[in-house]
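Per full-length UniProt numbering, the sequence shown starts with residue 1, numbered consecutively. One structure below.
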Amino acid sequence: MADSPDLPRYTVPSLSREDGDQVARILQQRLNSLTDLHLTLKHVHWNVVGPHFIAVHEMLDPQVDAVRAMTDAVAERIATLGVAPVGTPGALVAARTWDDYHLGRATAIEHLGALDEVYQGVIESHRKAAKDTAELDDVTNDLLIGHLHELELFHWFVRAHLESAGGDVSTAGATTELDAARQARDSTG
Ligand SMILES: [Fe+2]
């Protein structure tokens with residue numbers, strides 16, 4: 001049988017090289033998403049202003065560290081599967097399907113509104129990747145599920161700031177970061 005030059009030369013035992021390649025492709029998209037997320041969280045850490053500055057500034061650094069650790073685990077899983085992980089900024093920008101984070105210097109509540117939208121997008125695509133790898137590779141599926149425990153917790157930390165005592169979330173219905181930021185700001189009067 002002719003060998004395909006596009007497939008990895010090896011992958012983990014018991015996976016076909018085709019499946020190893022497919023799992024690595026799914027993981028490369030997660031690597032792009034998580035790298036973008038930890039850079040965005042630092043950007044917010046640097047640009048948040050106004051009342052609640054210190055609470056949000058300090059809340060974000062442990063999230064940056066945790067998400068950065070996720071990128072390392074994802075990249076090393078790609079390498080373990082026999083594929084070269086791509087971690088350069090230009091490749092990330094060329095491959096991503098979303099825009100840069102839209103807010104610069106802004107208040108805590110505006111950044112939290114926008115981050116609610118950011119986390120929703122990352123978690124939805126991470127859950128899809130977990131589903132897509134469930135049949136292909138248990139180990140990758142377990143890795144992604146482990147990330148979701150933390151990502152969904154961090155999303156709750158963000159969303160709790162936008163929630164009323166009655167359980168309403170000020171960003172409900174927003175579909176862009178800027179709309180979510182506006183709704184969050186307006187709800188505080
Ligand atoms: Fe800092």
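Ideal placement from N, C-alpha and C gives every residue a C-beta, glycine not left out. Since the model is a prediction, treat every value here as computed from it, not as a measurement.
Can you give the beta carbon distance from residue i to residue j, rounded, assuming they're within the 8 Å contact cut?
| i | j | result |
| --- | --- | --- |
| P8 | L81 | 7 Å |
| T171 | Q183 | 5 Å |
| L103 | A181 | 6 Å |
| L34 | L60 | Between L60 and L34 the Cβ distance is about 15 Å, and since that is not below 8 Å, they are no contact. |
With a 10 Å radius around its C-beta and 16 neighbouring C-beta atoms as the bar for buried, classify residue i as buried or exposed.
| i | result |
| --- | --- |
| R77 | buried |
| Y119 | buried |
| I109 | buried |
| L153 | exposed |
| Y101 | buried |
| I26 | buried |
| A84 | exposed |
| E135 | exposed |
| V44 | buried |
| H149 | exposed |
| G113 | buried |
| R30 | buried |
Need the endpoints of the alpha helix (DSSP H) that residue i sits in, please.
| i | result |
| --- | --- |
| E163 | No alpha helix (DSSP H) holds E163; DSSP gives it neither H nor E. |
| S170 | Careful: S170 lies outside any alpha helix (DSSP H) and carries neither H nor E. |
| W98 | From DSSP, W98 is part of no alpha helix (DSSP H); its letter is neither H nor E. |
| V122 | 108-134 |
| T80 | 53-80 |
| A181 | 177-187 |
So what does residue i bridge to, in DSSP terms?
| i | result |
| --- | --- |
| V48 | A106 |
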